[in-house]
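Mapping of the sequence shown onto this note's numbering: position 197 corresponds to residue 495, and the numbering continues sequentially without gaps. Note that the Cβ used here is the ideal one computed from N, Cα and C, for glycine as well.
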Amino acid sequence: MPLPITKTPKCYVGGKFIRSESARTYELRDKDDNFIAHIPLCTRKDVRNAVEAAAKAGPGWASRSPYNRAQILYRLAEMLEARREEMEAAVASKHADREVRETIDRIVHFAGWADKYEQVLGSVNPVASSHFNFTVTEPMGIIGVLAPEKHPLLALLSLILPAVVSGNSVVALASESRPYPAILLGEILAVSDLPGGVVNLLTGNREEMLPTFATHEHLRALNAVASKAEATTLQQGAAESVKRVKLHPSKTDWHAKDHDSPFAIRDFLEAKTVWHPIGG
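Structure representation (structure tokens):
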């Protein structure tokens with residue numbers, strides 16, 4: 299009988315697969331307590347490395363045309379569709395088929411907004427002088443994402459998509475108890491058209507990593523699912539490092555159509571006002 303060879307899961311950072319900087323891991327087991335894999339236990343240094351990768355990739359991604367970003371996200375949906383059964387097995391829940399199907403739909407939905415959100419969120423402003431006055435949007439930079447334990451795929455991408463569709467890059471911490479969908483997502487991203495470093499996926503102990511996400515000065519915003527205690531830590535750390543924080547309660551319904559709103563994109567944009575004189 300051949301010896302089974304199990305996959306060695308790795309995190310996806312800067313377009314490469316990495317083990318934790320500390321080389322630590324934790325065991326992932328199924329509901330029957332059967333061993334599945336050793337998952338990387340990332341550290342604060344891994345967060346810093348991921349932020350550096352996101353900083354390198356960010357300007358190039360932000361300079362892409364909205365149409366091109368839409369094409370790339372749509373291609374990601376196609377690739378997830380091609381590995382749908384494998385992802386359903388990774389999600390490993392009673393409603394895994396629904397979670398994967400709705401995740402694909404949400405990617406397509408935000409891909410469609412890539413070249414349209416500016417018309418909704420930007421504006422032409424009336425002013426009492428001989429000027430045209432425009433408000434246009436710009437990406438903020440690097441966004442930190444903290445995914446919940448439940449809905450390890452749908453919630454994770456629902457938090458990532460509003461940030462990347464407008465040209466931001468992301469450093470995300472996956473579900474601690476159910477990290478395997480994020481591991482598989484990293485494999486899909488690696489062979490997609492999304493430039494390496496735009497989305498960086500880490501695994502590990504949430505309690506250990508959360509303070510670094512809160513205080514890291516190069517993270518310009520956080521999109522996080524948090525308990526009341528975690529929310530306090532995030533808000534205090536964000537106040538010190540002057541970052542925007544978007545918090546979602548632990549009992550968020552990720553299937554709700556609220557998460558398809560283009561106004562989720564607005565949370566990770568900055569507004570720039572431009573004045574242009576009229577006539578001579």
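Short Cβ contact (8 Å threshold) for residue i with residue j
{"i": "residue 444", "j": "residue 524", "result": "yes"}
{"i": "residue 349", "j": "residue 517", "result": "yes"}
{"i": "residue 529", "j": "residue 545", "result": "yes"}
{"i": "residue 398", "j": "residue 377", "result": "no"}
{"i": "residue 313", "j": "residue 428", "result": "no"}
{"i": "residue 401", "j": "residue 420", "result": "no"}
{"i": "residue 308", "j": "residue 322", "result": "no"}
{"i": "residue 374", "j": "residue 463", "result": "no"}
Distance between residue j and residue i (C-alpha atoms, nearest Å)
{"i": "residue 450", "j": "residue 489", "result": "21 Å"}
{"i": "residue 319", "j": "residue 448", "result": "26 Å"}
{"i": "residue 572", "j": "residue 454", "result": "35 Å"}
{"i": "residue 405", "j": "residue 452", "result": "10 Å"}
{"i": "residue 330", "j": "residue 391", "result": "13 Å"}
{"i": "residue 579", "j": "residue 543", "result": "Outside the modelled stretch of the chain, which goes from 299 to 578, sits residue 579, for which no answer is possible."}
{"i": "residue 457", "j": "residue 425", "result": "36 Å"}
{"i": "residue 511", "j": "residue 354", "result": "18 Å"}
{"i": "residue 336", "j": "residue 394", "result": "22 Å"}
{"i": "residue 478", "j": "residue 389", "result": "7 Å"}
Nearest-angstrom beta carbon gap, residue j and residue i [assumed within contact, 8 Å]
{"i": "residue 461", "j": "residue 566", "result": "5 Å"}
{"i": "residue 430", "j": "residue 553", "result": "The Cβ separation is near 43 Å, so there is no contact."}
Own chain residues within Cβ distance below 7 Å of residue i, not counting five before or after
{"i": "residue 358", "result": "493"}
{"i": "residue 538", "result": "513"}
{"i": "residue 333", "result": "325 and 327"}
{"i": "residue 495", "result": "312, 313, 351, 352, 354, 355 and 467"}
Neighbourhood of residue i by C-beta distance below 6 Å, restricted to the same chain and skipping five residues each side
{"i": "residue 558", "result": "407"}
{"i": "residue 311", "result": "348, 351 and 498"}
{"i": "residue 364", "result": "412 and 413"}
{"i": "residue 368", "result": "409, 412 and 413"}
Below-8 Å beta-carbon distance, residue i vs any chain B residue
{"i": "residue 440", "result": "Considering every chain present, this structure includes no chain B. It has just one protein chain."}
Beta-carbon proximity list for residue i, same chain, < 8 Å, skipping 5 on both sides
{"i": "residue 474", "result": "447, 501, 502, 503 and 504"}
{"i": "residue 548", "result": "446, 523, 524 and 525"}
### Message
Measuring CB atoms only, is the segment 373 to 383 touching the segment 510 to 528, in the sense that at least three cross pairs come out at less than 8 Å?
### Response
no
### Query
Is it a yes or a no for the segment 333 to 343 touching the segment 496 to 509, going by three-plus beta-carbon pairs under 8 Å?
yes
### Query
Counting pairs of beta carbons, one from the segment 429 to 446 and one from the segment 464 to 471, are three or more of them closer than 8 Å?
yes
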